[in-house]
Ligand SMILES: Nc1ncnc2c1ncn2[C@@H]1O[C@H](COP(=O)(O)OP(=O)(O)OP(=O)(O)O)[C@@H](O)[C@H]1O
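Residue numbers (full-length UniProt numbering): 1 to 208.
Written out as structure tokens, the structure reads:
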């Protein structure tokens, strides 16, 4: 998916978080969204995902140059962010079953394979409310990695992950880079993106 950010701006109360942000994301490319704490990385990802509205500007989503209708955009986007709530009342297996009633799974996977891949097999019947923060993070990432999406938005992807979880993340992004998905990684940690992203979008450039 190509995404064109056109003069985007976001203001909370009287504070402009970023202004006049224009940028074209190409299909199949991987971008790092960088900037210090509070620079607006999470806010921008949530605007691109359609969860928040910008205060000014617009976003065009295209597939090989043809505009994607607004009502279809959500079927093409996955986001993993600390702001996202999981459903506490579900077990892991129920959560995945529920999610994949609405979204298509990447080819070649099953719920069992996904649980195995993110090393949560022993927690498959555990309630999400009893998950540790790292286990929740693995699930959020798994939902993004294994859902058929043309645009994958990853916010602070390795927060709360242990070394094994971080290696799993790196391997999944390597796999994702072989697909035609456009990937945007919002991060303060170089290792989360430097292997994958040749282009960096620095939000501090759009502060004033
Ligand atoms: N709902 C809100 N109401 C008011 N201000 C908000 C709201 N959400 C975010 N902000 C402000 O917007 C700014 C950007 O926040 P955001 O979480 O997008 O930054 P970030 O770059 O992701 O930060 P970090 O690196 O710490 O995760 C911050 O100053 C934050 O206080």
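Glycine included, each C-beta is placed from N, C-alpha and C at the ideal position.
All figures in this text were calculated on a predicted structure; none of them were measured in a lab.
In the DSSP annotation of this structure, residue 97 is not part of any beta strand (DSSP E); the continuous alpha helix (DSSP H) holding it starts and ends at 92-102. Assignment of residue 20 by DSSP, reduced to helix, strand and coil, places it in the strand class. The stretch 187-201 makes no contact with the stretch 54-62, as fewer than three CB pairs between them are under 8 Å. Taking a 10 Å sphere around the C-beta of residue 119, we find fewer than 16 other C-beta atoms and assign the residue as exposed.
In chain order, 91 place their CB closer than 6 Å to the CB of residue 127, counting only its own chain and leaving out the 5 sequence neighbours on each side. Sixteen is the threshold: when 16 or more other Cβ atoms of the shown chains lie within 10 Å of the Cβ of residue 155, as they do, the residue is buried.
Here the distance from the Cβ of residue 182 to the nearest heavy atom of ligand 1 is not below 6 Å. Going by beta carbons, residue 186 and residue 8 fall outside the 7 Å limit. For residue 191, DSSP assigns no beta-bridge partner whatsoever. In the structure shown, residue 156 falls within a coil segment according to DSSP collapsed to helix, strand and coil. Around the C-beta of residue 157, 16 or more other C-beta atoms lie within 10 Å, and the residue is accordingly described as buried. Closest by C-alpha distance to residue 1, out of 64, 174, 50, is 64. The residue among 178, 121, 99 with its C-alpha nearest the C-alpha of residue 144 is 99.
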